[in-house]
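**Q**
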Amino acid sequence: MTSDKFKGVRLSVEPGTLRVASNNAEQEEAMDELDIDYGGDTIEIGFNVTYLIDVLTNMSQDMVKIDLQDGNSSALVTIPENESFKYVVMPMRI
Numbered sequence: 289m290t291s292d293k294f295k296g297v298r299l300s301v302e303p304g305t306l307r308v309a310s311n312n313a314e315q316e317e318a319m320d321e322l323d324i325d326y327g328g329d330t331i332e333i334g335f336n337v338t339y340l341i342d343v344l345t346n347m348s349q350d351m352v353k354i355d356l357q358d359g360n361s362s363a364l365v366t367i368p369e370n371e372s373f374k375y376v377v378m379p380m381r382i
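Numbering follows my numbering, with no gaps: position 88 of the sequence shown is 376.
#1: Reducing DSSP to helix, strand and coil, say where residue 326 ends up.
#2: Check residue 341 in the structure and name its three-state DSSP category.
#3: Return the CA-CA distance between residue 378 and residue 358, expressed in angstroms with no decimal places.
#4: Go to residue 301, then tell me how far its beta strand (DSSP E) extends in each direction, as first and last residue.
#5: Buried or exposed for residue 333, please, with buried defined as at least 16 other CB atoms from any protein chain shown within 10 angstroms of its CB.
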C-alpha cells in the first residue's frame with residue numbers, strides 16, 4: 289500500500305494487539321492487526337517500511353522481539369533465541 293514517494297507505516301502497539309496501518313498518495317489506506325505478547329502502555333510510532341522489511345527478510349525465525357520506549361525513540365529488533373542478532377530501526381514522523 290505504500291508508494292515510492294511515501295514509505296511510511298504506522299504501528300500502534302496496545303496490550304495484546306499490534307495494529308499496522310499505511311496510506312498512499314491516493315488516500316487509500318490498508319490496516320492489519322496482529323496478536324502480540326505486550327501489556328504496557330499504548331505506543332504509536334512510524335517507520336520506513338523498507339527498513340522493517342529488510343530486518344524481517346534477514347531473519348530465519350518466525351518470532352521477533354521489538355523493544356520500544358516511546359513513539360519518538362529507536363526500536364531494537366532481536367530474535368528471542370539469539371540475542372546476538374540486533375537491528376536498530378529509527379522512527380519517522382507520519
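Where is the CB? At the ideal position from N, CA and C, for every residue including glycine. For clarity, every value in this text was computed on a predicted model and none was experimentally measured.
**A** Reading from the atomic positions:
#1: In the sequence shown, the residue the question calls residue 326 occupies position 38. Note: residue 326 maps to coil in three-state DSSP.
#2: Start at 1 with the first residue of the sequence shown, and residue 341 comes out as number 53. Helix at residue 341.
#3: Here residue 378 refers to the residue found at position 90 when the sequence shown is read from its first residue. Here residue 358 refers to the residue found at position 70 when the sequence shown is read from its first residue. Looking at the two C-alpha atoms, the distance is approximately 12 Å.
#4: Start at 1 with the first residue of the sequence shown, and residue 301 comes out as number 13. Residues 296–302.
#5: Mapped onto the sequence shown, residue 333 falls at position 45. Classification for residue 333: buried.
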